[in-house]
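Colleague:
In the numbering used here, the protein residues as written are 3 to 330.
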């Protein structure tokens, strides 16, 4: 059910209880009567989405009576001293929520307080969100957090962001257009749960040599995406530490300025199954340096478009025995 740009009374909100087959509900640019929904009952939805609205008394009273698995909040404003956490205080919503996506809002909450409350979250997405703190007030209970996936886009983050590595079992981290991205990778030696990360994707965020060297400490990475991260040939020396891990299988280096392959990086991708290297400006002759021996290569998917190739490169590529997808 989608409700857009309409005014709703408290009776309208209460009436949703009568619709037994509503799986998801979306409010967009709606207004409400003042007051709170009365009565002892609960709404059950798979998904609740609220866009372009003020979170006022009637909305809060609706959310306090709602059970949901997915919650999406975009461009909302909490008023009357409400915040995301106290909106759900004295409710059992935390038992059911698996996914929360927050976009274009001022959170004014601690990231770990959210995780402590919504203990069964497996994915949290934060996009263009202001005032997020990553300080850990109490490390007790961190092992109970079940979060597996974090996606953060278009945010400036504080230095204590690297505290996310105290979360045990974090398997996937996606970071797009992040200011101060180095904050994620500072002091990794002091964090104990870096071995769980399997997927790391970074886009439109310049990375230094030390950032890549820190990333190489994630020993169980099997997918690494560094799209438009201002990488050059010298970064390959540190990327080699990542690709040398036994579990590593896929790399994406789209839209960087790598150009040449340093001699010490020969065979850097020889154990990979997927290599996406488009728009890197790699010079002719790079293929044989990157993969070393074509006949024993595991490569199945190779995107080498918008790079330079010569006749010897094409002969080398033709010797890949397991290659299924090729873009040149």
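The beta-carbon is built from N, C-alpha and C at its ideal position, and this holds for glycine as well.
Under DSSP, the beta strand (DSSP E) around residue 13 begins and ends at which residues?
Modeller: It is not in any beta strand (DSSP E) - residue 13 instead sits in the alpha helix (DSSP H) that spans 12–17.
Colleague: So, does the region 125–141 touch the region 192–207, judging by three or more C-beta pairs under 8 angstroms?
Modeller: With the cut-off at 8 angstroms, the region 125–141 and the region 192–207 do not touch.
Colleague: My output table needs one value for residue 30: the three-state DSSP class, helix, strand or coil.
Modeller: Residue state, collapsed to three classes: strand.
Colleague: Relative to the alpha-carbon of residue 155, which residue among 143, 121, 146, 175 has its alpha-carbon at the smallest distance?
Modeller: Considering only alpha carbons, the answer is 175.
Colleague: Among all the DSSP beta bridges, which residues are the ones paired with residue 74?
Modeller: According to DSSP, residue 74 bridges with 51, 103.
Colleague: Do you know offhand how far residue 157's Cα is from residue 312's?
Modeller: Each residue's Cα considered, the two are about 42 angstroms apart.
Colleague: Going by C-alpha to C-alpha distance, which of 115, 129, 179 sits closest to residue 149?
Modeller: Measuring from the Cα of residue 149, the nearest candidate turns out to be 115.
Colleague: Of the residues 274, 260, 99, 184, which one's Cα is nearest the Cα of residue 301?
Modeller: The candidate whose alpha carbon is nearest that of residue 301 is 274.
Colleague: What separation, rounded to the nearest whole angstrom, lies between the Cα atoms of residue 204 and residue 168?
Modeller: Looking at the two C-alpha atoms, the distance is approximately 20 angstroms.
Colleague: Rank 62, 125, 271 by C-alpha distance to the C-alpha of residue 322 and give the top, closest one.
Modeller: Residue 322 has its Cα closest to that of 271, out of 62, 125, 271.
Colleague: So, helix, strand or coil for residue 140, using DSSP?
Modeller: If DSSP states are grouped into helix, strand and coil, residue 140 belongs with coil.
Colleague: Buried or exposed for residue 147, going by 16 or more other Cβ atoms inside 10 Å?
Modeller: It is buried - the Cβ of residue 147 has at least 16 other Cβ atoms within 10 Å.
Colleague: Report the option in 329, 316, 255 whose CA atom is closest to the CA atom of residue 228.
Modeller: For the residues 329, 316, 255, the minimum Cα distance to residue 228 belongs to 255.
Colleague: Could you please give the first and the last residue of the uninterrupted alpha helix (DSSP H) stretch that includes residue 66?
Modeller: First-last of the alpha helix (DSSP H) with residue 66: 59–66.
Colleague: Please classify residue 316: is it buried, with 16 or more other beta-carbons within 10 angstroms of its beta-carbon, or exposed?
Modeller: Label assigned to residue 316: exposed.
Colleague: Is residue 210 closer than 8 angstroms to residue 236 when the C-beta atoms are compared?
Modeller: In this structure, residue 210 does not lie closer than 8 angstroms to residue 236 by Cβ.
Colleague: Report the rounded CA-to-CA distance for residue 163 versus residue 21, giving the unit in angstroms.
Modeller: Rounded to whole angstroms, residue 163 to residue 21 spans 43 angstroms at the Cα level.
Colleague: Report the three-state DSSP secondary structure of residue 185 (helix, strand or coil).
Modeller: If DSSP states are grouped into helix, strand and coil, residue 185 belongs with the helices.
Colleague: Candidates 219, 128, 218: which alpha carbon is nearest residue 101's?
Modeller: Nearest option by C-alpha distance: 128.
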